[in-house]
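Chains as they are written, first to last, in the numbering used here: chain A, 942 to 1401; chain B, 942 to 1401.
So, in structure tokens, the structure goes:
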């Protein structure tokens, strides 16, 4: 049980904590920016380091190749366990801007929600943990356990520089337990712990035909049109049953267990309500033969994330374009290997690119899928903390998204993280009007504070 | 034979004529603009009407629903034949701007060429005819035949308002012969008369899935991705032999005659040189079983002219987009009907759009294919004029592009036009760095002047 003074402190300081979070959300630390705009990422990292220093932790902004990471450490005592807390300060690009009801980097409170890019993913969630640290320091007589913090700056672009960073700083990150704060509840009122994440292989395919745009009347029928050819390539990547056709794609896929299929069938999930929420008449994507949760959590995908070529302004222009390109990414499940998937993509393109065109394949990001042990040392501490803060027993779920650090911690530090997050399905992360429910933020901070107590009590 | 005084006048005034043409080319009368930019189109039309008035013709800018047309008439005498001359002042959009060596609306003379958007298509060509009229008026003792001129403003967007315009002004356009100045030479040194043009059906297909962009991790595998689905739709519009699969697409296609196939095989056309010129290793588009010229001139096509959806900025963003759209157009050959092709497209989409998405089909432009009589009354006059000006007998060819007026003249006025143009294949019309060879302009004006003489001599 969390001490009453810590809980009271959190309750009494809610308005101030929200005001601080709004400051952090006002910094446009967009993941995929380059050039001068990277300054905003540095600003967010510095803000966090200052905030942690003010709580008495030793904190610094550490270069990482691309955007920097924030590392911090607070000591409670030599005999006490050490907990590592992970979050990220980078956020998805906010576009399309015209669909936001309030501006993405001017946080707005409406109807019990805080609206801003990054409100849920991940600034709001990691800030719940930092708020818990503050409560212990200011009202609980100091940190109950040794705490390490890593807040990275490139999660939303697939953490391209994180592998060498974790290797280089392995000693500074060494801990007895890891909490990863970048996941969510299965549903409102259903706290959840995630034990598997999908990986990612994100490609950009550029198909080049003629040296310049051509008149579609004069030359139509003579040359291969790069848009038509690219459409054919993308269409051919999946068969009529939604299965991906890249060579070797399913070779290493870990099948669903009967236990998983039956447990997920029991979760409170209404397929029609889900479709309605997304605005489609039917959630008809992915492979036939699997439920929606199975397709989202445990089956790999291939999705085009963007495509462009030729004339895209209003009206008509009769050109055969010189080139067309698409961003195509695969979500991977245990035990698929992004390198093998990339090789399969290359092999597919080489075999299918038509004469009269040239293809270029760029790999923007890869992340391995991961499955963590369901009885990692901190698991029970986290479950109890969630139950205490939210008044319901947590369920064990998988998640379709990637949090690359999870796999890196497992592979490099040899330790499984506990994915304890406070997001809700309707938070619109990666979409316009991202939000974080304030009640989730308040209770999330209580859960984070209780977790520290439970880790100390368990003496991990 | 053209009178020496007219020929001498044309030679003596070349520099001034090029300077006037540059003025016209400086006006950005882009075909597909809307709003205030339409003013540039009006400016071009007014410039032409003033120019024609200064030659003594009665000329006016006539509203036509969209951009206005220029109509003019010059009388030579009641017993003389009347020749109608057609051209257009609207031009293709100039983008991609970054590929132009000099600015598209700042005409630049280099190495015997005039570079500007519209230099060849069609301002330079129609201006050769106006220059011929000037020579007759100033140096030939007046026009040798009655002349009517129509210069339209919407050719490059498929002449959407031209049908009612021609109907309304049928009397003003009545003539004994029609010259259409919007075609080209088969090759440099090979003057050509075009007897068939392809038509057009230009569509925009928009596929909508979820109400907003979604996180491709959280929802990938659950919903149909509009880009993947659109790619599949476009890919399915052609089979492995490059044949279009829209229902009824080939029903009305007029087969090539043996005479055409054999005549075209004799034309000086080097398939590898053509591919090299376009910058492809092989001109591998269109249907199997037909030569390149056959595919460009006498077979229908389906080409995507533009496509856009999802995230198209640099880097990675892991979204499933809410929508994707493509501009797709078919070049049609005699005797295909754009209305039937549009119905076939609708039928194809209705049958193939997947659950979980909605489709919208917009029709941006249609034009019927046309074939004119090869012994129209003015045909011999035009052949002799070309032979005289360029020193070579013209060949009879088809053209893959559309010039909608040709079919409208035939259908509404009941008269076949003679397509006598001066463009060259390397003019890069519709592409960056469009140009017109000055020698073609000079000799084109001579041919246009000789044509007037020949029409008078023939007493059509």
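Don't be surprised by glycine CBs; every beta carbon is placed ideally from N, CA and C.
The structure displayed is predicted, hence computed values, not measured ones.
Quiz item: Is it buried or exposed for residue 1258 of chain A, if we count other Cβ within 10 angstroms and need 16 for buried?
Solution: Under a 10 Å Cβ-count criterion, residue 1258 of chain A is classified as buried, with 16 or more other Cβ atoms of the shown protein chains found around its own Cβ.
Quiz prompt | Host alpha helix (DSSP H) of residue 1293 of chain A (start-end) | solution = 1279 to 1293
Self-check item: Cβ-based neighbour list, residue 1368 of chain A, same chain, cut-off 8 angstroms, excluding 5 preceding and 5 following
Solution: 1060, 1061, 1062, 1125, 1375, 1376, 1377 and 1378
Practice problem: Work out the CA separation of residue 972 of chain B and residue 1083 of chain B for me, nearest whole Å. | Solution: 34 angstroms
Self-check item: Closer than 9 angstroms at the beta carbon, the chain A residues around residue 1343 of chain B
Solution: 1158 and 1259
Quiz item: Taking only beta-carbon atoms, is residue 1030 of chain A less than 9 angstroms away from chain B?
Solution: no
Quiz item: How many Å lie between residue 1120 of chain B and residue 1371 of chain B at the Cα?
Solution: 23 angstroms
Exercise. Just the chain B side, please: which residues come within less than 7 angstroms of residue 1223 of chain A by C-beta, in chain order?
Key: Ordered by position in chain B, the residues that pass the 7 angstroms Cβ test against residue 1223 of chain A are 1296 and 1297.
Quiz prompt | Cβ of residue 1191 of chain B within 9 angstroms of any chain A Cβ | solution = no
Self-check item: Neighbour-count burial assignment, residue 1425 of chain B, 16 or more Cβ in a 10 Å radius
Solution: Nothing can be reported for residue 1425 of chain B, as the shown portion of chain B is limited to 942 through 1401.
Exercise. Give the residues from the segment 1352 to 1380 of chain A that approach chain B closer than 9 angstroms (Cβ to any Cβ), ordered along the chain.
Key: 1366, 1369, 1370, 1371, 1372, 1373 and 1374
Quiz item: Mind checking if residue 1154 of chain B is an interface residue toward chain A, Cβ cutoff 9 angstroms exclusive?
Solution: Interface residue, yes.
Exercise. Starting from the N-terminal side, write out each stretch of the beta strand (DSSP E) that is 3 residues or longer and does not extend beyond the segment 1225 to 1252 of chain B.
Key: 1244 to 1251
Practice problem: Give the straight-line distance between the Cα atoms of residue 1012 of chain A and residue 1141 of chain A, rounded to the nearest whole angstrom. | Solution: 26 angstroms
Quiz item: Once you ignore the five residues that flank residue 1105 of chain B on each side, which residues in its own chain have a CB closer than 8 angstroms to its CB?
Solution: These residues qualify, in order along the chain: 1006.
Quiz prompt | Sequence-distant residues of the same chain with beta carbon closer than 7 angstroms to residue 1170 of chain A, five excluded per side | solution = Excluding sequence neighbours, residue 1170 of chain A sits near 1148, 1295 and 1298.
Exercise. Using 10 angstroms around the beta-carbon of residue 1250 of chain B, count the other beta-carbons present and answer buried if the total reaches 16, otherwise exposed.
Key: buried
Exercise. Using a cut-off of 9 angstroms between C-beta atoms, extract the partners of residue 1179 of chain A located in chain B.
Key: Per Cβ cutoff of 9 angstroms: 1169 and 1173.
Exercise. Taking a Cβ distance cut-off of 9 angstroms, strictly less, list which residues of the segment 1030 to 1044 of chain B are near chain A, in chain order.
Key: Listed by position along the chain: 1033, 1034, 1036, 1037 and 1040.
Quiz item: Do you know whose CA, among A:1163, A:1359 and A:1275, lies nearest residue 1198 of chain A's CA?
Solution: A:1275
Quiz item: Thinking C-beta only, is residue 1242 of chain B closer than 9 angstroms to residue 1150 of chain A?
Solution: no
Quiz item: Can you name the residues of chain A whose CB is closer than 8 angstroms to the CB of residue 1143 of chain B?
Solution: 1257 and 1259
Quiz item: Does any C-beta atom of chain B lie closer than 9 angstroms to the C-beta of residue 1233 of chain A?
Solution: yes
Quiz item: Taking all protein chains shown into account, do 16 or more other C-beta atoms lie within 10 angstroms of the C-beta of residue 1099 of chain A, making it buried, or fewer, making it exposed?
Solution: buried
Practice problem: Return yes when the Cβ of residue 1326 of chain B is within less than 9 angstroms of the Cβ of residue 1118 of chain B, no when it is not. | Solution: no
Self-check item: Per DSSP, cross-strand counterpart(s) of residue 1028 of chain B
Solution: B:1092
Quiz prompt | alpha helix (DSSP H) runs contained entirely in the segment 1155 to 1195 of chain A, provided each spans 4 or more residues | solution = 1157 to 1160 and 1167 to 1176
Quiz item: Can you give the Cα-Cα distance for residue 970 of chain A and residue 1381 of chain A, rounded to whole angstroms?
Solution: 23 angstroms
Quiz item: Do residue 1029 of chain A and residue 1424 of chain A come within 9 angstroms of each other at the CB atom, strictly closer than that value?
Solution: Nothing in the structure corresponds to residue 1424 of chain A, since chain A is present only between 942 and 1401.
Quiz prompt | Partner residues on chain A for residue 1182 of chain B, Cβ-Cβ distance less than 9 angstroms | solution = Per Cβ cutoff of 9 angstroms: no residues; residue 1182 of chain B is ~13 angstroms from chain A at best.
Quiz item: Which chain B residues are close to residue 1270 of chain A, counting only those with a beta carbon under 7 angstroms from its beta carbon?
Solution: 1157 and 1259
Quiz prompt | Member of A:1253, A:1078, A:1308 and A:1036 whose CA lies at the smallest distance from the CA of residue 1058 of chain A | solution = If we check each option's Cα against that of residue 1058 of chain A, A:1036 comes out closest.
Quiz item: Mind checking if residue 1240 of chain B is an interface residue toward chain A, Cβ cutoff 9 angstroms exclusive?
Solution: yes
Exercise. Output, in chain order, the set of chain A residues within a Cβ distance shorter than 8 angstroms of residue 1318 of chain B.
Key: Those do not exist, as residue 1318 of chain B stays about 27 angstroms from chain A at its closest Cβ, beyond 8 angstroms.
Quiz item: Looking at the structure shown, is residue 1300 of chain B part of a helix, part of a strand, or coil, going by DSSP?
Solution: strand
Quiz item: Using the beta-carbon of each residue, which ones in chain A are nearer than 7 angstroms to residue 1098 of chain B?
Solution: 1256 and 1257
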